[in-house]
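For the sequence shown, the positions run 636 to 1021 when the working numbering is used.
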Amino acid sequence: MYHHHIKNTNMDAQVRCRPQGGRGCNAIAATSEFNENEGIMTKTKMLLSAGLLALGAFSATVPASARDLMVVGFGGGFQDNARKHLFQAYAAEKGVKVADDVYNGEMAKIYSMVKSNDVTYDVVMVEAPELARGCEDGVFEKLDWSVIDQKKFIPGGTTACGAGAVGWGVSLFYDQARTPNGPASYAELWDVQKFPGKRSLRSGAKMTLEIALMADGVPAADVYKVLATPEGQKRAFAKLDALKPNIVWWKSGTQPLQLVGSGEAAYAVGYVGRTIRANEGGAKYPVQWNTLLFSFDYWSVVRNSPNKAEAMKLISFMTDAKPLANLAQDWAVSPANAAVASDPEIVKKNPGMVANHAKEGLFINTEFWVEHGEDLEARFNAWLAK
636 MYHHHIKNTN MDAQVRCRPQ GGRGCNAIAA TSEFNENEGI MTKTKMLLSA GLLALGAFSA
696 TVPASARDLM VVGFGGGFQD NARKHLFQAY AAEKGVKVAD DVYNGEMAKI YSMVKSNDVT
756 YDVVMVEAPE LARGCEDGVF EKLDWSVIDQ KKFIPGGTTA CGAGAVGWGV SLFYDQARTP
816 NGPASYAELW DVQKFPGKRS LRSGAKMTLE IALMADGVPA ADVYKVLATP EGQKRAFAKL
876 DALKPNIVWW KSGTQPLQLV GSGEAAYAVG YVGRTIRANE GGAKYPVQWN TLLFSFDYWS
936 VVRNSPNKAE AMKLISFMTD AKPLANLAQD WAVSPANAAV ASDPEIVKKN PGMVANHAKE
996 GLFINTEFWV EHGEDLEARF NAWLAK
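As structure tokens, this is what we get:
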């Protein structure tokens, strides 16, 4: 049922290659040659606007030598565990040096690297919209399927330039210790009389507009059809207008838990994996799976990488069942490897695997955000500033 659901959400359409740590954002025009300002959906609109990209504000792990293979991801607990079970496991097995770095989805930096032919990233984790645009614009290499076994992935788990890494999602949650019976749907999240208190939503159009429409009664299956119309967009912003005085906006993935934990917000939409890990640590944050919005991150190779051949081999290793199964012992993952995604023991150990809840949730439509992202993000920012 999961595979069928994915295929019906146009995830496979990403193959034609024409979403946020803090997993959001606006297009940044890197060069006219790459036409980046047509709709890249990065995670960094707010950070870039503050000039952090220009200052090189990255949490970097500097490679030991110019020959090191550089893997770049979104950081956090996943990358800490991936470093052990994927990056360094590959290094030990193959006798090569692998370093890793953290970024926040800054596509402008990758475009600049490729244009200047000064590529310091080899393998990069990217979200689906960024991958689709970057593949079309030629900043990512086409993957070598003679090295990477394409058959090991779930349907829709690969694109011309990307190999599925892990699934992720956001959902509604609240602190049951403070609110024994909180909202169980987005419609109820908008009911400030029945459920008083601040709500925390992501500061960006992607995911937030979908949530607004579902709160207004649009079925998940119709969300993108409605949101693609001027009337639907007006409807989404009108719904946000009604809740705006009660919203605390978040920009990074750590904030929803902090806001709910401190009581600054009574309810929040946050990353499922983080919520579940908080529960493992003693919190009581029930995940409302019927409010799930989910997608996948992909491994890609930056164009003109001096380590292109080794990068392909690393991606092959990182998407194999054995290292992913090892990773799953220490960290809840929702991999795009079909064997691991369906392994009963791993499924049992990782209740937060979005693959298990696909029928309950809404797949974030890549094609929609590639086409409409720039305009909607700009409109959202203007609305937010009012």
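Positions of the beta carbon are idealized from the N, C-alpha and C atoms, including for glycine. Keep in mind that this is a model prediction, so the values were computed, not measured.
Residues near residue i in its chain [Cβ-Cβ closer than 6 Å; skip 5 each side]
i, result
"PHE1015", "ALA840"
"TYR906", "VAL805 and GLY888"
Residue j beta carbon less than 8 Å from that of residue i
i, j, result
"LEU959", "VAL975", "yes"
"VAL737", "ALA726", "no"
"ASN942", "ALA963", "no"
"ASN972", "PHE808", "no"
"TRP934", "GLY797", "yes"
"LYS874", "ALA847", "yes"
"VAL801", "ASP965", "no"
"GLU928", "ALA913", "As written in the sequence, residue 928 is Leu, which differs from the Glu given in the question. Cβ atoms of LEU928 and ALA913: not closer than 8 Å."
"LYS919", "ASP810", "yes"
Residue i versus residue j: straight-line alpha-carbon distance, rounded
i, j, result
"MET748", "GLU945", "19 Å"
"PHE713", "GLY916", "17 Å"
"ASN816", "ASP876", "25 Å"
"GLY769", "GLU741", "12 Å"
"ALA689", "ASN739", "Because the pLDDT at ALA689 is just 36, under 50, the model does not fix this residue reliably, and the point stays unresolved."
"GLY730", "ALA1013", "47 Å"
"ALA1020", "ILE783", "46 Å"
"ALA822", "TYR756", "43 Å"
"THR795", "LEU1011", "Residue identity differs from the one stated: residue 795 is Ala in this sequence, not Thr. Cα to Cα, the separation comes out at about 27 Å."
"GLN785", "THR843", "33 Å"
"VAL861", "ALA724", "46 Å"
"ALA956", "SER977", "11 Å"
Cβ-based neighbour list, residue i, same chain, cut-off 7 Å, excluding 5 preceding and 5 following
i, result
"LEU894", "SER835, VAL883, TRP885, ALA900 and ALA903"
"MET849", "TYR821, ALA855 and VAL858"
"THR814", "ALA901"
"SER751", "none"
8 Å CB neighbourhood of residue i in its chain, flanking five on each side removed
i, result
"TRP924", "SER806, HIS992, GLU995 and GLY996"
"ASN881", "VAL827, GLY832, LYS833 and ARG834"
"SER930", "PRO654, GLU762, ALA763, GLY802, TRP803, GLY804, PHE998, ILE999 and THR1001"
Reference residue i, options the options, closest by Cα
i, options, result
"ASN604", "ALA863, ASP753 and LYS744", "Outside the displayed span of the chain (636 to 1021) sits residue 604, for which this structure offers no information."
"ASP851", "PRO891, GLY867 and ARG837", "GLY867"
"PRO970", "GLU1006, TRP803, LYS829 and GLY905", "TRP803"
"PHE830", "LEU878, GLY792 and PHE931", "LEU878"
"ASP703", "THR864, PRO854 and VAL758", "VAL758"
"THR864", "PHE709, GLU1006 and HIS720", "GLU1006"
"GLY987", "GLY792, ALA871, VAL922 and SER977", "VAL922"
"ARG909", "ILE950, LYS719 and ALA967", "ALA967"
Nearest-angstrom beta carbon gap, residue j and residue i [assumed within contact, 8 Å]
i, j, result
"VAL706", "ASP735", "5 Å"
"SER820", "THR926", "7 Å"
"VAL936", "MET947", "7 Å"
"GLY708", "ALA717", "7 Å"
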